[in-house]
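In the numbering used here, the protein residues as written are 28 to 580.
C-beta atoms are modelled at their ideal positions from N, C-alpha and C, and glycine is treated no differently.
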């Protein structure tokens, strides 16, 4: 079997698995967030934190809950890393320095999981399991809660209430993420991923010297790392490490975990707004972009010049021979089109255009299908933009799901789509203009610029992957990417929740002959076109200086 055929068959198997899980998982999640009953363990949690899960919240109250909970998470994780040297199970590792502790704490709380450290040489068992793994669960649950609040904004009318943040957070964690991660961890252990609390031990000889590795609760963290679209690995090599991802099956399974909840949330959206066809329209948009990017990535990595590359059957540099070019391409696209950031190959070693595709995937705003929760609310914001564009074309006040898109709504949507690109370009420009930050670049020229552009694109879109040629463990990059992750996570949430509150307060608009049918393929095409054109116009100059210049050289 040729490598191209193998890649296509893996892609078809992945699509089939996602299709089988779509309806049951999406419907189940809609039931979770619509139920008025509380599990006993949930009641214990509410009592412990002093929350009333039945009290409805307006959007400012919901936002305060998101920010307060996340601030406590940052402080707790920061303290845990600063105290690591005196904690049990530290494996002899010292406390993490302040700049890196700040960067890492922010990274995991914002669901970015950017790592400027070697996991197996820096973090002990307590920090990994009680700190980083816990944030993998709750940061994902926060994103899902905000998405559900926006869905309620479309579904409700004549009210400013969006549900209860604490209830959405706890239910998303205990009813969705914990059981899903538990099942996934069992599968990974059965397939060879390690799960233990062993110390540092010698595993063999390497280039004439001894090679040492520590163990860890890797399978359980790997499961939530992927299913929560987190991405932070136990080891520096991430999902290219055989302890995390030992076989081609586990590789495909991990891609499935990355995509299954973001895609299924479109079904949740359709059920909660009372029209599954609307969910299918959003799904079709996400899937079209994802599949197009996978096909384009495979083409760039399989079709290229040079006898050595042609004889090898693809661009194998930086890719695991266990997985091949096809699976590595699928993984790279899936992890950068979601907010996962996990990698099973070295993105810096992709072809020039291939590296540009990974960047462009993040520049779209992590919406195809995006992170758990963040992908859905990002796509719904783009749907608002698309119906506004359609309204301008026909001279009619735009509507979406029975809600008018007026001045307030379009301003909030515009702020959402402008804030992240603005910060990406400003941070990249400042880093390239100052004398010290460019010293962190491993390469010069277009590829070196791409390393910096990729870093801030990843941080501000809460992805967490990197070109890896950039030395990000400096005071400048620890501080700047830390601030970028905070702004990239919480500023958009402000606009999302404000939009949700505005929509929920409206009365429904009756459907007429002039209403744009947003469940039809025509709207899906309009939405895809709007996403690609807006992103292209925003980022094309920067891409031309980096991956396009390198790819066309």
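- For the 8 Å CB-CB criterion, residue 377 and residue 345 form a contact.
- Annotated three-state conformation of residue 391 is coil, per DSSP.
- In terms of CA proximity to residue 409, 442 leads the group 442, 489, 528, 29.
- Non-local beta-carbon contacts of residue 92 in its own chain, meaning distances under 6 Å to residues more than five positions away in sequence, involve 192 in chain order.
- Taking a C-beta distance under 8 Å as the contact criterion, residue 384 and residue 323 qualify as a contact pair.
- One thing to note: residue 241 has its Cβ no nearer than 8 Å to the Cβ of residue 251.
- Residue 547 carries a coil assignment under DSSP once its states are collapsed to helix, strand and coil.
- With the rule of 3 Cβ pairs closer than 8 Å, the stretch 418 to 437 does not count as touching the stretch 513 to 523.
- Closest in alpha carbon position to residue 291, among 318, 154, 402, is 402.
- Distance from the CA of residue 387 to the CA of residue 508, rounded to the nearest whole angstrom, comes to 19 Å.
- Short of 6 Å from the beta carbon of residue 219, and not among the five residues preceding or following it, lie these beta carbons of its own chain, in chain order: 273.
- Shown here, residue 229 sits in a strand according to DSSP, grouped into three states.
- Nearest neighbour of residue 434 by Cα position, chosen from 449, 415, 446, turns out to be 415.
- Apart from sequence neighbours up to five positions away, the residues of its chain that approach residue 45 with a beta-carbon distance below 7 Å are 283, 286, 287, 290, ordered along the chain.
- Taking one beta carbon from each stretch, the stretch 488 to 499 and the stretch 532 to 548 have fewer than 3 pairs nearer than 8 Å; the two do not touch.
- In the DSSP assignment, residue 426 forms a beta bridge with 431.
- For residue 86 against residue 524, the beta-carbon gap comes to about 4 Å, under 8 Å, which counts as contact.
- Annotation for residue 424: 418, 431, 432, 433 place their beta carbon closer than 8 Å to its own, counting only its chain and skipping 5 residues before and after.
- Between residue 504 and residue 464, the gap from beta carbon to beta carbon is short of 8 Å.
- DSSP places residue 64 outside both helix and strand once states are collapsed to three, so it counts as coil.
- Here the stretch 143 to 151 makes no contact with the stretch 161 to 180; the two share fewer than three CB pairs at distances below 8 Å.
- Put simply, the backbone Cα of residue 224 is about 39 Å away from that of residue 313.
- Here residue 63 is exposed, its C-beta having fewer than 16 other C-beta atoms within 10 Å.
- Bridge partners of residue 257 according to DSSP: none are assigned.
- Residue 351 and residue 34 have their C-alpha atoms spaced approximately 8 Å apart.
- The Cβ-Cβ distance between residue 127 and residue 498 does not fall below 8 Å.
- By alpha-carbon distance to residue 551, the top candidate from 304, 374, 206, 111 is 304.
- Taking every protein chain shown into account, the CB of residue 462 has fewer than 16 other CB atoms within 10 angstroms, so this residue is exposed.
- Judged by their CB atoms, residue 258 and residue 368 are nearer to each other than the 8 Å cut-off.
- Take residue 355, set aside five residues on each side of it, and the residues of its chain with a beta-carbon closer than 8 Å to its own are 328, 346, 347, 371, 372, in chain order.
- The residue among 83, 363, 478, 144 with its C-alpha nearest the C-alpha of residue 186 is 83.
- By the neighbour-count criterion, in which a residue is buried when 16 or more other Cβ atoms sit within 10 angstroms of its Cβ, residue 472 is exposed.
- With a contact defined as Cβ atoms closer than 8 Å, residue 59 and residue 202 qualify at about 5 Å.
- DSSP places residue 179 in the uninterrupted alpha helix (DSSP H) bounded by 161 to 182.
- With respect to the 8 Å criterion, residue 293 and residue 53 are classified as neighbours on the basis of their beta carbons.
- Residue 208 and residue 543 have their C-alpha atoms roughly 40 Å apart.
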